[in-house]
Structure formats: C-alpha cells, structure tokens
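Chains as they are written, first to last, in the numbering used here: chain A, 10 to 288; chain B, 45 to 339; chain C, 700 to 1056. Don't be surprised by glycine CBs; every beta carbon is placed ideally from N, CA and C. Predicted model, so just to flag it, every value in this text is computed and none were measured. Here the structure comes first, spelled out in structure tokens, and everything after it is commentary.
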C-alpha cells in the first residue's frame, strides 16, 4: 500500500490520466491539423525540408484555385446528393419503420432482410448496378446517385427509426385515433413530432454516410455530378504539386462534418452504434 | 339510421402502402443486381466477348485457379485480424481512461472522435501526405527519435505498406470503438462493480466477471460492424496505395473493382461477388451465433 | 335509448380467448363501471368498444349505429387513457383542442369549448404550460379535459386514476363524479379498484375470465351477490367465508355453533355450504340481541385500528374471520368476548358451483 494519503494518491492518478489523455488527443488530432495546415501553406512551405510545422501566414490561394477551376463545385454536388437523398431516405425509411413497429408488417423476416441489406458489401453490387445504370442512362446523373444513396441509406434509417418509434407510447397514437385522426394524420401529427430528436440524429448520420461515400461515386459519376471524394483522388498520382489541392479539397469536404458533429454531441453514440447503445 | 360508411377498410392496406416504396427501392438496388449477377455469373461475358450462352460453373471453377484472388482475400484477412483486435483493445483502454471524471473530458472526447467521422478517402489522403518520405512529418518525427535521417517509403516499400495501412485504419476507427465502449461502460451498474471491489476482486476479475458480461452485447455488435467494414475495406487503401506496390495490398474489394472496371470481366466479377457474399454470410452467421447475439 | 349496445362479443388473441361472449346495454346518461381482477378482459372490452381492438365476432353499436368495423375516429367517442396520453410537444391548450381540430371544428368554437372545459376542471391558468411542467393530478385533469371538450356520444375511461397517489385519487374520483352529474353524458369506466367502482358507478359490470359475472347497481351487487366471486370481490375488508353445513333453520359450523338464517327455513338439511359474512355486519355483543342476529362467543387474536374503526381477527368455526368494529368497544387481543352477527345479511354459497343459494 502506498504511504501517500488518499487525496494525494488521487491527485497523482488524475494528473497521470490527464497527461495520457492529452497525448492521445495530440496523436489523434495531429493528422487533421496537418491536413488543415497544408491547405494554408505556400508551395515553398509544403515542400520545405525539414517540414514546416506551422505556417507563418494563413493564405487562401489553394482554395482560390479550387474555386477558379470549378473543382469546388464537386462539394456542391456532394451537398445536393447527400441532402436530397437524406431527405427521401428519411421519409421512406421512417414510414417503413413505422409499419414494421406498429403492424409487424412482414414479421421478423422482413426486418432481418432489411438490416441484412446493410451488411451487403458495396463492391458485390456495384458492378451489376453500373450495368443497370448504363442501360437506363442514369450514370452521371443526379437522379441516379440520389436514387442509389436513398436506397443504400434505407436499412440504416429503418433500423434507427424502428428503435425511436418503439419508444413512443402506444397510448399517444391511440388517443389520436380516438380523437379523430386518420392513420396518416397519426403519423404526421403524433409519430413525427414524438420522434423528432431521433429523426434529426438519424438524418445527420445518413447525410454523413452519403457525404463520405467514395466507391459508388467513383463508378457512377463522370464529370457532371462528381463528388468531392472522387475529386480528391483526381489529384493523386500526378505531380506532388497537387498536394495543396488534395489538402484544400479534403478540408472543404470535412468542415461540414465537423459542424455536424459539434451539433450532434448527444446523439453520436446511438447514431454510430446503430442503436446498440441507447443514447 | 345509415350505417357508417368508412370501415376499417381504408386502414387495412395502410401498413403495406407505407412500407412499399422502401421495399421497392431495396429490391431495385439490393436484390436486382444480385439476381442479375447470378445469371451473368453462369455466362462468359468479358471485354472481348458477350457470350450469353450457359457456361455452367466455368467462372466459379476459375475462382479456384485464381491465385491473385486468394492473395487478395489473404490481404483482407491480414488487415482484419491485426486491425480489429488492436482497435478493440485500444478503444477499451481509452474508454477506461475517460470513464471517470476528468477536466475538459467532453472537449477531449469530441476531438478524439474527429477521425471517425471524416471520409475514409480524406483519411487516406491525409495519411498519404503524412507518410511522404521526404516532406511528410512521420519520417521527420522518427528521425528525431532515431537521431539520424530516416527515409522510409511507407506506401511503396512492401514491408512498410501494411503497417502504414493498418496505422491509418486504426487511427480512423479506434475512436469508433472508444465511443461505443465508453457508452457501454457508463451503463454498467456501478453497484455491481463496487460490490466486486468490496469482495476484494482484482481489476481483471471484476472486468472478466462483472463488466464484460454487461458490455458484451454492445461490444459484440461493435466488433461485428467493424469486422464487416474491414472485410470490405476499399477507400483507405485506394487513397494510400491503390493496391500497390504491384498487387501487394490488393484487398478483395479492390480486386473485384479492378476485374469489373479495369478488365471488364463481367461474368467473372459476378462470380467474385457471389464468393464474397457467400463468405460473408457464412462468417456473419457463425459470428452472430458464436457471440451469442442470437440464441 | 341505449348509447352502447354490445351483442355476443368475442375477442381472441391467437389461442387466448380474452372476451368470451359479452352482452351489454348501456342506457343514455348512465355511468357504467367495468370492474374485475387483472386479466378479466375489462380493458380489452373497452378497447374493442373504442375500435382500438378488432372484435373477433359479435357487434358493437354506439348511438344506435353498428360500429363493429368502424375506425375509432368514426365512432364519435372520447377516451381518457391510463397514462394520460398527453402530447409532450403541445401545450395544455393545444392538447385539449387536439381532438376538436382533428375534426375540423371552427377555431372560434374550439376557443370557447376549451376555455369552458378548462374552467370546469380548474386548469384555466395552466393553458400555456407544457405537460412536463404539470403535476400528475394536473396532467390527469388535462387528459379528462381533452375528452369532455368533445361532443361525443360515449366517454370511455381506461383506469384513469391508477397512476395517482392515494390522496389525489380520492380527489379525482370526486371530480369525475361531479363531471358526470354536470354533463349527464354516457360514460364507461374501467378499473380494478372496487372502491372506485362502488363510489362512481350507476351500474357495476363485474367481469371474470372474459364473461360478465354479475351486473347491477353497486349496492345491489354488494348486498345480493350472485356468486362467491362477486361476494368476495366487492367490499373491504373482504367478506369472511366459513365452511358450514345446512340445518332446517340455518347453518351449523364445524365447531357445532348453530346459526339461524332468517327466511331460509326451506333449506335441505345436511348439505355442505360456505357461509359468507361481511366484516361490517359483525358487532360487539350489545345489551339486547336484535332480531335476525346471532350471538357467538369468540377470542380476539389480533386488532388493527384504522382510526374510527378497528379490524379484529378471530377464529370462528374452523376459519379465521375479520370483524369491523367500532373503535371504542374493542377488546384487547386474547380476550374472550361475544359478537353479534347480522344473519339477515349473510349469504350461503354452494361450494360445488360457487353460486349463492
């Protein structure tokens, strides 16, 4: 047993923990820091040896180039695709989840089938989808990508919303039915407001998944609806002077997600654990 | 008096109407490609030839002769079996670190979660910049520690490329494990761990017999989600090495992509897809049973 | 005219037969209480009336129309739920107005009716609050307000007081009774609490295992139960049951005590029966024995004061009985004394079929 009094030992322990936590934060945040720094560096600073750890001045030339060349429009594409598909996935997924919860539609089998769609490796379906899209003329269209992202988000939305809807007391819906609501009105006036925070949280994660997608966009876009993730990879492989563009483009694509997470603090765990931990 | 016209009838199909659009889309995007693949995998369609006659198990037999395919599976497995336990153990340790009160705890947690929410492509791109042999900070830091100039070619040298990939993977996904396990640990009934402590149980025993059973259901799902993600790993590798050098870091997803979109081996790619789905189903079913998620 | 008429109603949940053929007629303006132990089918019956459960067979008529297959919204009913069912995202006023607005009542009319209902319930000052800012009792008032604001034929109550503490429950009971008297509407009320049933009901419908055991005015059921179950369910403390054998003029207990039962001289002697005695109809022996009473020597074992009254436990005829005595004339435990039993109120039950003879 340590001879130190209890509160001294406690203080030492706390200091140690704090130190370790600080080191961890530095390790995990440093790469993000580096990405941001590069995006503000001049070419001389980027290719300095030894590396420049913090730039002397912040300059936006790297971003200006992206906007001048029109590359920044790919962020706009990502924004349109992710937000529109999230909108549709939320509507279709929520009503489907309601059907599963309240009416046990299709029994347990349908629910399991829907979640198993989430397990499907994208690479297993992307090729036949590509052929389907070529055949239908959907390649490199907003419609095609929105359709795909909506469908691909559905299992997640349904799974999450199922959990939130199960938490709504049945009495509230019954009361509304007796008070003169149709089933649609119950959905609209009771279920949606009751699941509001769940809807919000699920929408944010659905958005992030679509926003971060790479494989589908790589295969199914050409020039018109290229997303920022695909655009980032366009700068690979060439001369190293594309570094600034890689960094600036990545930052443009990352900032929205940072904001989102700042807002989403309290839904974070339930959202990424697919409801395994009720947050 | 007239009978009320509106019967339960309008409600009767309501439950089908509201689930129909979702099911339709899932069939279109999820099931249609599978059926299409299944049909095509029994033909011999490639870049040269669109032979739609029935070719039997030709493509499936080819799978067994294809050493590049089995290597890609081995690469995938290698990454998974190293990264997954490391993420789990690190995540658990971090969760314990942040379980009790700590000044500015919430800010730390928010910062730690950043890697998990950024796009894997951006994560890969970031590490590409970090790993650059000349201008990247990683070699610089190692040089300081080693006291001499280190010039490691992280994304090119065959013996360094896996550590690089796994490092990036762990950096991005350990926070995911951390966050879930932290939530699970916070939900453990404190009176149980305290009772074990009073009984004189060691930390290890308390963890093994009190904490682990309590957090297991959540932990198992986290392992399952991460295991599935690792099995289909694509983006990070695409950003870091594109499967190179040569085919040294080609995973099954990368290989299938190359076969489909670079070699245009339509039928063969379909067969690969089914192999992947088959393996995934078997492993998943086994894992779900084994982990006690389903009785 | 009857506002609610149920004919041969059955309800199955898979293999479970919850309601087994119920016929019920509720006249206009009557307060009917469905009461019974949990699992007796009273809630299922109410929910079937509301249209929240579908009848397996039989018919439900409300206001003279067959609504067996009608949706809840087409039944012209209002309902108060056990857990209040208030919408947390609406304030009190919007909660009360919800049903009216769903039925497209003009806004001016909504205003008028909401403020009248709120006033009636004494929640006029709470209209801008949200449910989470209210106490349990206030929430229950809002829930009741939401029902009475509607112009419905039938008002249903599903155990509305079971979540309130004892004091509040007594207050709300009075409130509901007053509302019924003021509004004169037809109400059907479900509870498992026999005191609620006795105090509120114009008529009690006592259910057991999906069937009506007995229905009638509360005092009628209390005084003239048809079965042992009814006799035992109503009244607190519960009726005492003592095994006995019939004689020409009454019954004999196992210890040889003979008790005459007035008006029951036609009984066949020697039959095994159960004698039911209400604790309220047993008193300490007075100066003279009232007609129809029997005097019995007993030893008091246990005394439980409840304030104005005392519940005394004592052995009698091989059973242990409880007598509710006046507080001032109770004896100490262990004391031998005599009690007078009002045999005109006694019930005699056939143990074979549990029917009251």
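In angstroms with no decimal places, state the Cα-to-Cα distance between residue i and residue j.
| i | j | result |
| --- | --- | --- |
| residue 330 (chain B) | residue 86 (chain B) | 28 Å |
| residue 294 (chain B) | residue 129 (chain B) | 21 Å |
| residue 917 (chain C) | residue 824 (chain C) | 37 Å |
| residue 269 (chain A) | residue 162 (chain B) | 11 Å |
| residue 74 (chain B) | residue 137 (chain A) | 10 Å |
| residue 792 (chain C) | residue 847 (chain C) | 13 Å |
| residue 141 (chain B) | residue 186 (chain B) | 27 Å |
| residue 121 (chain A) | residue 171 (chain B) | 37 Å |
| residue 23 (chain A) | residue 144 (chain B) | 10 Å |
| residue 16 (chain A) | residue 827 (chain C) | 50 Å |
| residue 111 (chain B) | residue 117 (chain B) | 10 Å |
| residue 954 (chain C) | residue 1008 (chain C) | 29 Å |
| residue 114 (chain B) | residue 106 (chain B) | 12 Å |
| residue 912 (chain C) | residue 327 (chain B) | 59 Å |
| residue 891 (chain C) | residue 868 (chain C) | 13 Å |
| residue 961 (chain C) | residue 1041 (chain C) | 10 Å |
| residue 723 (chain C) | residue 210 (chain A) | 49 Å |
| residue 200 (chain B) | residue 288 (chain B) | 7 Å |
| residue 52 (chain A) | residue 39 (chain A) | 21 Å |
Using the rule of at least 16 other Cβ atoms within 10 Å of the residue's Cβ for burial, across every protein chain shown, is residue i buried or exposed?
| i | result |
| --- | --- |
| residue 191 (chain B) | exposed |
| residue 222 (chain B) | buried |
| residue 188 (chain B) | exposed |
| residue 28 (chain A) | exposed |
| residue 159 (chain B) | buried |
| residue 1027 (chain C) | exposed |
| residue 279 (chain B) | buried |
| residue 58 (chain A) | exposed |
| residue 70 (chain A) | exposed |
| residue 147 (chain A) | buried |
Helix, strand or coil, according to DSSP, for residue i in the structure here?
| i | result |
| --- | --- |
| residue 1048 (chain C) | strand |
| residue 716 (chain C) | strand |
| residue 5 (chain B) | Because residue 5 (chain B) is not part of the residues shown, which for chain B are 45 to 339, the question remains open. |
| residue 228 (chain B) | helix |
| residue 983 (chain C) | strand |
| residue 250 (chain B) | helix |
| residue 1003 (chain C) | strand |
| residue 238 (chain B) | helix |
| residue 307 (chain B) | coil |
| residue 1014 (chain C) | strand |
| residue 269 (chain B) | helix |
| residue 888 (chain C) | strand |
| residue 177 (chain A) | coil |
| residue 657 (chain C) | Chain C is shown only over 700 to 1056; residue 657 (chain C) falls outside these bounds and no answer can be derived. |
| residue 136 (chain B) | helix |
| residue 998 (chain C) | strand |
| residue 904 (chain C) | strand |
Looking only at its own chain, which residues have a Cβ that is under 7 Å from the Cβ of residue i, when we skip the five neighbours before and after it?
| i | result |
| --- | --- |
| residue 762 (chain C) | 702, 775 and 852 |
| residue 100 (chain B) | 86 |
| residue 157 (chain B) | 219 and 223 |
| residue 737 (chain C) | 891 |
| residue 861 (chain C) | 781 |
Enumerate in chain order the residues of its own chain whose CB-to-CB distance from residue i is below 6 Å, with the five nearest sequence positions on each side excluded.
| i | result |
| --- | --- |
| residue 946 (chain C) | 968 |
| residue 213 (chain A) | 269 and 273 |
- request: Identify each residue in the region 32-52 of chain A for which the Cβ-Cβ distance to at least one residue of chain B is less than 9 Å, and report them in chain order.
  value: Those residues of the region 32-52 of chain A placed with their C-beta closer than 9 Å to a C-beta in chain B are 33, 34, 36, 37, 38, 39, 40, 41, 43, 44 and 47, ordered along the chain.
message: Please list, in chain order, the residues of the region 251-265 of chain B that have any C-beta partner in chain A closer than 8 Å.
response: Listed by position, the residues of the region 251-265 of chain B near chain A (Cβ gap below 8 Å) are 261, 262 and 265.
query: Taking Cβ-Cβ distances below 8 Å as the criterion, which residues of the region 256-274 of chain A are in contact with chain B?
result: Considering only beta carbons, the part of the region 256-274 of chain A lying closer than 8 Å to chain B consists of 256, 259, 262, 263, 266, 267, 269, 270, 271 and 274, in chain order.
- request: Identify each residue in the region 271-285 of chain B for which the Cβ-Cβ distance to at least one residue of chain A is less than 9 Å, and report them in chain order.
  value: Result list: 272, 275, 276, 278, 279, 282 and 283.
- prompt: Mind listing which residues of the region 790-810 of chain C have their C-beta closer than 8 Å to chain A's C-betas, in chain order?
  reply: So the list reads 797, 798, 801 and 802, given in the order they occur along the chain.
- prompt: Using a Cβ cut-off of 7 Å, which residues of the region 722-752 of chain C contact any Cβ in chain A, in chain order?
  reply: Cβ contacts with chain A come from 749 and 751.
Proximal residues, the region 173-190 of chain A versus chain C, C-beta separation under 8 Å: Along the region 173-190 of chain A, going in chain order, the ones with a CB nearer than 8 Å to a CB of chain C are 178, 180, 181, 183, 184, 185, 186, 187, 188, 189 and 190.
- prompt: Which residues, in chain order, does the region 206-218 of chain A contribute to contact with chain B at a C-beta distance below 7 Å?
  reply: Residues of the region 206-218 of chain A with a Cβ closer than 7 Å to any Cβ of chain B, in chain order: 217.
message: For the region 1019-1034 of chain C, list every residue whose C-beta sits within 8 Å of some C-beta in chain A, in sequence order.
response: Against chain A - using a Cβ distance shorter than 8 Å - the region 1019-1034 of chain C contributes no residues.
query: Relative to chain B, which residues along the region 223-255 of chain A have a C-beta separation below 9 Å, given in chain order?
result: Result list: 223, 224, 227, 228, 237, 238, 239, 241, 242, 244, 245, 246, 249, 252 and 255.
Against chain A: residues of the region 203-219 of chain B by CB proximity under 7 Å: So the close ones are 215 and 219.
- request: Using a Cβ-Cβ cut-off of less than 7 Å, give me the residues of the region 930-947 of chain C that come near chain A, in sequence order.
  value: Per Cβ criterion, the list is empty.
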